[in-house]
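Below is one structure, written out as structure tokens; comments come after it.
Residue numbers (our numbering): 7 to 277.
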């Protein structure tokens, strides 16, 4: 779970994008979408090396994704750039190319928000499921949703914290930032430092609410705490500032409501 080298290797996989347009303006529009204005010159040159225009001498280069200009029906397996709804284009590409989602985010900022949101949701859901599982040990053998569901479980605090540290690695990689224990020691210290208060509350809730009713708030707290960690890190990497206390409260409150609904579903699947 905590191997930054594996995540770094995935993130640094080169992704080549083919561009198809009928004019220079069409190419420029898609290029600006993938490499926004203000990108530092050295970084821009690296990104441009991964874009291949149809008809260029290197057009035969093997590409991972092919993007057509707005209004042109793409060939099978390719995508049209929707200038009116670029996020729709991003969603379509990521849906079919999960294996290169992380390197796409690292190389092209247009993909970062959605990739980070997906990572946050995935890890938060895993943590909610684990929190419910630790309160229902008799159902552990049936929890096939977690890849590490076999064998002995670590304590919930250790597992959830480790999963949040892994999320910190993923978010840093998606933002093309330095990642790993040394490079992210301040972030990791913050995750570890904040790990115990809300988890102690979760354990207390399970004990006080009869008939397993505490499972839902316990899972919701694990979910909301992980979402807050992930969104806080994503916000910091993008803006170099931290959430205000009021922003943290809003993010946590909204995530807790989502976590309750997700925990209800997970409890039903696990029981």
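Virtual Cβ for every residue (Gly too), placed ideally from N, Cα, C.
- Within the model, the alpha-carbon separation for residue 187 versus residue 167 is close to 14 Å.
- Counting C-beta pairs with one atom in each stretch, the region 15-25 and the region 118-126 have fewer than three that are closer than 8 Å, which means they do not touch.
- A distance below 8 Å separates the beta carbons of residue 261 and residue 229.
- In this structure the region 99-117 lies against the region 31-43, because at least three pairs of beta carbons, one per stretch, are closer than 8 Å.
- One thing to note: residue 248 has its Cβ no nearer than 8 Å to the Cβ of residue 181.
- Residue 56 places its beta carbon 8 Å or farther from that of residue 45.
- The alpha-carbon separation between residue 102 and residue 84 amounts to approximately 10 Å.
- Residue 238 sits buried, since 16 or more C-beta atoms from the chains shown fall within 10 Å of its C-beta.
- Under the Cβ criterion (8 Å, minimum of three pairs), the region 172-180 does not count as touching the region 257-276.
- Note on residue 8: under 16 other CB atoms within 10 angstroms of its CB, so exposed under the neighbour-count rule.
- In the structure shown, residue 59 falls within a strand segment according to DSSP collapsed to helix, strand and coil.
- By the 16-neighbour rule on beta-carbons within 10 angstroms, residue 137 is buried.
- Burial is judged here by how many other beta carbons sit within 10 angstroms of a residue's own beta carbon; residue 79 has fewer than 16 and is exposed.
- Within a 10 Å sphere around the beta-carbon of residue 179 sit 16 or more other beta-carbons, which makes this residue buried.
- In this structure, DSSP gives residue 21 a state outside helix and strand, which the three-state scheme calls coil.
- Bridge pairing for residue 73: 25, 85 [DSSP].
- Secondary structure remark: continuous beta strand (DSSP E) runs of at least 3 residues inside the region 107-133: none found.
- Ranked by Cα distance from residue 134, the first of 75, 106, 72, 165 is 165.
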